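K.L.:
Below is one structure. I have some questions about it.
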Amino acid sequence: MHTPHGDIPTPCFMPVGTLANVKTLTPEQVKAAGAHIILSNTYHLHLQPGESIVQDAGGLHQFMNWDGPILTDSGGFQVFSLSEMRTIDDRGVTFKSPRDGSIIEFTPEKSIQIQNDLGSDIIMAFDECPPYPATREAVMQAVRRTTEWISRCISAHRRSHDQALFGIVQGGVYPDLRQQSARELREFELPGYAIGGVSVGEPPELIEGIVRETAPLLPSDRPRYLMGVGTHPEMVAAVAGGVDLFDCVIPTRWARHGTVVVRGERINIKNLPHRRDYRPLDPDCHCYTCAHYSRAYLCHLIRSKELLGYTLLAIHNIAELMSFTTQMRQAILDGSFSSRWRPQNFTSSPDLNS
RNA sequence: GCGGGCGUAGCCAAGUGGUUAAGGCAUCGGUUUGUGGUACCGACAUUCGGGAGUUCGAUCCUCCUCGUCCGCC
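Next comes the structure, spelled out in structure tokens:
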């Protein structure tokens, strides 16, 4: 996949950060961990510091000192997940700012304008992301609005020459609604498509079903992006279904809470056995953290709530995930993907020892 | 030696004559999926310094004892 700020190999995982720091990392650290692209957030940047400040800084890349590709989420998800007070109608979403209580309106036009101002490489459509569980009627309405809104997003988009607008498929857990949403979005011939409305609380088995039914409905010559996912098995299943791009808060959020992923398995570095374990997290991992620090030291840092601990764990978790997607990519290239992982089974753990 | 205060979990600490003895820290686990970073959930005192007594029933009341702190000799 090509963007003005560089190519993105696929499948690829995007670390998520409100700014390029991914909470606790510098762009250099993010890059060294193997990340090609990062996700930033329209909703948060609009609330603080405001897109005009970013625009006057010369755009998001310059503002945050990240010269690689950036994708911005449209704010549709945050409206669903963060706003306490909100009303959604056909025009858009009105909500109370959690920062100062002011009334803020997000419409497709507003979201696109903000993302144009921010200057990211990939911008996302403003969609309605219904919760789980949601009634069929509620999901039908979300699909209808998401389709209507994509057309307004396209009309409002002023930088289609250097910003790729991705559409988002909704439809919840209803296969026919997913199908309808995908079919309607394809009409717009967008540069990329996302599967949205997953990882909103539904059981993992359902995610697999949704992805495996939805991904094939999207054009295979365009990037297919599964939003908000996820764990290793979830990504394996999604890649098997044709998904190219992922984003997830897991590696950095887990890092801030002391959980690391080692060879596909999660471990809590705060646990007793690590207090005197002077080995690295993973002797085969090439990340900065594994090259220089022991589990015992990381255990100490996290228990002491030292900021360095969050940084070192985030570096490892991102590196581990990037290494994992790299392995999947190579397996696809040499034809060993389907024999190496059993993608039809979500719970099958990837064999990382081979 | 005399007078007084206090002893509740590893630490701090609430509390009542009747059986669930608050809470916090620490400890030990778990959770986290299109990110308001340091969060959330669970476990953790058959027992209230020790002994005897009063009582249907004592962590709580009485006596003794031990420890500790503060005054005075």
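Convert by adding 20 to the 1-based position in the first sequence; the result is the number in this note's numbering.
For glycine and all other residues, C-beta sits at the position ideal for the given N, C-alpha and C.
Model, not experiment: these values are computed from the prediction.
Just checking my contact of A214 with V189 at CB under 8 Å: how many whole Å lie between their CB atoms?
P.N.:
With 8 Å as the limit, A214 and V189 qualify as a contact, their Cβ atoms being about 7 Å apart.
K.L.:
Keeping to the same chain, check which residues put their C-beta closer than 7 Å to that of I108; ignore five residues upstream and five downstream.
P.N.:
Taken in chain order, the residues that qualify are E148.
K.L.:
Excluding the five sequence neighbours on either side, which residues of its own chain have a C-beta within less than 6 Å of the C-beta of N136, listed in chain order?
P.N.:
R178 and R179, listed in sequence order.
K.L.:
Where does H25 sit, in a helix, a strand or coil, going by DSSP?
P.N.:
Three-state DSSP puts H25 in coil, outside helix and strand.
K.L.:
Look at the alpha carbon of P224 and the alpha carbon of R198, and state the distance between them as a whole number of angstroms.
P.N.:
Using only the alpha carbons, I get a separation of about 17 Å.
K.L.:
Return the CA-CA distance between Y194 and S219, expressed in angstroms with no decimal places.
P.N.:
Y194 and S219: Cα-Cα distance of roughly 15 Å.
K.L.:
How would you write the range of the beta strand (DSSP E) that D267 sits in, first residue to last?
P.N.:
Start and end: L265 to C268.
K.L.:
Quick one: what's got a C-beta closer than 6 Å to A158's C-beta in the same chain, skipping five residues either side?
P.N.:
Taken in chain order, the residues that qualify are P150.
K.L.:
When we look at the beta-carbon of H277 and count the other beta-carbons within 10 Å, is it buried (16 or more) or exposed?
P.N.:
Label assigned to H277: exposed.
K.L.:
Determine the direct distance from the alpha carbon of C268 to that of T127, and round the result to whole angstroms.
P.N.:
Rounded to the nearest angstrom, the two C-alpha atoms are 25 Å apart.
K.L.:
Suppose only complete runs of 4+ residues qualify. What are the alpha helix (DSSP H) ranges in the stretch 110 to 197, listed by chain order?
P.N.:
Correct list: 128 to 138 and 156 to 176.
K.L.:
Could you check where the beta strand (DSSP E) with N61 kicks off and where it finishes?
P.N.:
That run of the beta strand (DSSP E) goes I58 to N61.
K.L.:
For Y317 versus A275, is the C-beta spacing smaller than 8 Å?
P.N.:
Taking 8 Å as the Cβ cut-off, Y317 and A275 do not qualify as a contacting pair.
K.L.:
In chain order, what residues of the same chain have a beta carbon less than 8 Å from the beta carbon of S368, not counting five sequence neighbours either side?
P.N.:
For S368, the predicted structure reports a pLDDT of 41, less than 50, and the residue's modelled location is therefore unreliable. The matter cannot be settled from this model.
K.L.:
Where do the ends of the beta strand (DSSP E) carrying C305 lie?
P.N.:
That residue, C305, is in no beta strand (DSSP E); it is neither H nor E in DSSP.
K.L.:
Quick check: the Cα distance between V74 and A176, rounded to an integer number of angstroms?
P.N.:
Spanning the two alpha carbons is a distance of roughly 20 Å.
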